[in-house]
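Once you know that position 118 of the sequence shown is 118 in the UniProt record's numbering, the rest is easy, because the numbers rise by one and skip nothing.
Note that beta-carbon positions come from the ideal geometry of N, C-alpha and C, so glycine has one too.
Contents: one structure, followed by commentary.
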Amino acid sequence: MKQRTYIDRMVKLGMLTALSIILVYAIHFPIFPAAAYLEYDMADVPILIGTFLYGPWWGLALTAVVSLLQWLLVSPQSQWVGAAMHFFATGSYVVAAGLLYARNKTRTTAIIGMGVGSVLQTLMMIPMNLIFTVHFFGVPREAVIALLPTAIIPFNAIKTVANSIITFLLYKRVAKLLEKDLVKTRTLPNE
């Protein structure tokens, strides 16, 4: 029975991973013309749903797998740097939200957790952009510093708040679907 539960969870996490990749392909658009490379996508919504369902460490594992697949399938031009930045950004968001939600699974703690996660991701992306964008994409440090208050910080705040609202609206419905057994066990009559 324990192995069946583990397999069931792996299948559901795989479905959330696939949904995350599909959402990156289907829905992505720039928010700020000055930084058109910063594109909004809903890939973090399935990751956050998985985090609330299975805990922060499963959410971090989902983030790692999705980051790797996004690098390989969606944006290979960003190389490993894009995957690393996505991992740090989304990882900080889902672990913060997941840790708070795991302590007390209520709507209030979900909202607080997503709020804390949103702030943490937004703050995390300041040093990440100063390190990765400057050193690996060759953008001058002064240009990145100039974009922080006008594009990078607002972008991350808008993206995480939007994904938090979408997650809040969808979580209960999706959770009910995922809580069902995917594989029904049948007992065969003895012959």
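According to the Cβ coordinates, are residue i and residue j closer than 8 Å?
i	j	result
Val66	Thr122	no
Phe29	Val81	no
Leu120	Ser164	no
Ile21	Gln77	no
Gly117	Ala96	yes
Ala84	Phe132	yes
residue 206	Ile158	Not covered by the structure: residue 206. The range shown for the chain is 1 to 191.
Thr109	Leu99	no
Please classify residue i: is it buried, with 16 or more other beta-carbons within 10 angstroms of its beta-carbon, or exposed?
i	result
Ile47	buried
residue 192	Residue 192 is absent from the structure shown; the chain starts at 1 and stops at 191.
Ile27	exposed
Gly14	exposed
Val45	buried
Leu53	buried
Lys12	buried
Ala143	exposed
Leu72	exposed
Asn129	buried
Met124	buried
Glu179	exposed
Out of the options, state which residue places its alpha-carbon closest to the alpha-carbon of residue i.
i	options	result
Phe168	Tyr40, Ile152, Gly113	Gly113
Tyr40	Ala175, Phe155, Thr108	Phe155
Val161	Met128, Met42, Ala143, Gln3	Met42
Leu23	Ala97, Val174, Val74, Ala110	Val74
His86	Arg9, Ile31, Val174, Ala64	Ala64
Lys176	Gly50, Tyr25, Leu19	Gly50
Leu60	Val174, Val94, Val134	Val94
Tyr6	Trp58, Leu19, Tyr25	Trp58
Are there any heavy atoms of the ligand ATP lying less than 7 Å away from the beta-carbon of residue i, as far as the coordinates show?
i	result
Asp41	As presented, the structure is devoid of all ligands, the ligand ATP included, so that no description of it is given.
From the beta carbon of residue i, is the nearest beta carbon of chain D less than 8 Å away?
i	result
Ala110	You won't find chain D in this structure, because it holds only one protein chain.
(request) Would you check if the stretch 30 to 42 and the stretch 147 to 160 touch, i.e. whether three or more CB-CB distances between them fall below 8 Å? (result) Between the stretch 147 to 160 and the stretch 30 to 42 there are three or more C-beta pairs closer than 8 Å, enough to call the two in contact.
(request) Mind listing, in chain order, the continuous beta strand (DSSP E) runs of no fewer than 3 residues lying wholly within the stretch 13 to 94? (result) You should have 28 to 30, 39 to 41.
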